[in-house]
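A.B. asks:
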Amino acid sequence: MERYSKVGMQELDQRLSKIVEAARKKPVSVYRYGAPWVWIVSQDDWQSALKEVSSYIPAGHSLVLLRPQIDDVFDQHRDLLQALNVEPGLVIAPRTVLQVLLLQLLYSVPSEQQLHEQLNYNLLFRWFVGLDLSQKVWSAATLRRDIATLLDDPRAVQLIQKIIGEVFCGALLHMPEFSLNFALLHTWLARHGATSTTSN
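29 is the number of the first residue of the sequence shown in the working numbering; add one for each residue after it.
#1: Would you report the Cα separation of I191 and A176, rounded to the nearest angstrom?
#2: Can you tell me whether K43 is helix, strand or coil according to DSSP?
#3: According to DSSP, is R219 helix, strand or coil?
#4: Output needed for E205: all residues of its chain with C-beta closer than 7 Å, excluding positions within five of it in sequence on either side, in chain order.
#5: Could you have a look at S82 and say whether DSSP puts it in helix, strand or coil?
#6: Nearest to Q189 by CA position, among Q38, H144, I98, is which residue?
#7: Taking the continuous alpha helix (DSSP H) assigned at R154, which residues delimit it?
#8: Got a sec? Which residues, its chain only, sit under 6 Å from L147 by beta carbon, not counting five neighbours each side?
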């Protein structure tokens, strides 16, 4: 028997009070466009899983399946990440900021403010950037500033492009929950006189 139940957005709208009541007994995974979106959990479950955010992430989720390949690319560019780490005023680790930017691209999050909000409540996003449930998200101002710092460095933008090109472009055809914003990637590259070699 599954440790959680699954509902779609339409069902959530129609049966919210009953679903919330059911979530007191076991967590409920809310699906949007066929992919896990948010969880409804009881206070007891939330408290008991404060250091186990990964327990709420389905093992078969596309981002989970692709994570090892993403990590491989980051590991291959350890020296670059170390060099980026000395950027003046950078508070968040460069790898983490790049992971945040990948989420923005992959899920077409329209603004940094909404990106910050998602990091506060979206367990998938928190898991991907390495935040436990008990950890506070950086302030919106800090996140915005560190994003701007890395986007000003062509090496960081090129690394994002490399990950998208090597890990996601082929996978996107088979993983419809991603909604990659190629226009945003092109904008980041164009700031440094580069162009995107990926296509949708």
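From the three backbone atoms N, C-alpha and C, an ideal C-beta is built for every residue, glycine too.
C.D. replies: Straight from the coordinates:
#1: Between the alpha carbons of I191 and A176 lies a gap of roughly 19 Å.
#2: The question names Lys, but residue 43 in the sequence shown is Arg. If DSSP states are grouped into helix, strand and coil, R43 belongs with coil.
#3: coil
#4: Y61, G62, A63, S90
#5: helix
#6: A check of alpha carbon separations from Q189 across Q38, H144, I98 identifies I98 as the nearest.
#7: 151 to 157
#8: F153, V165
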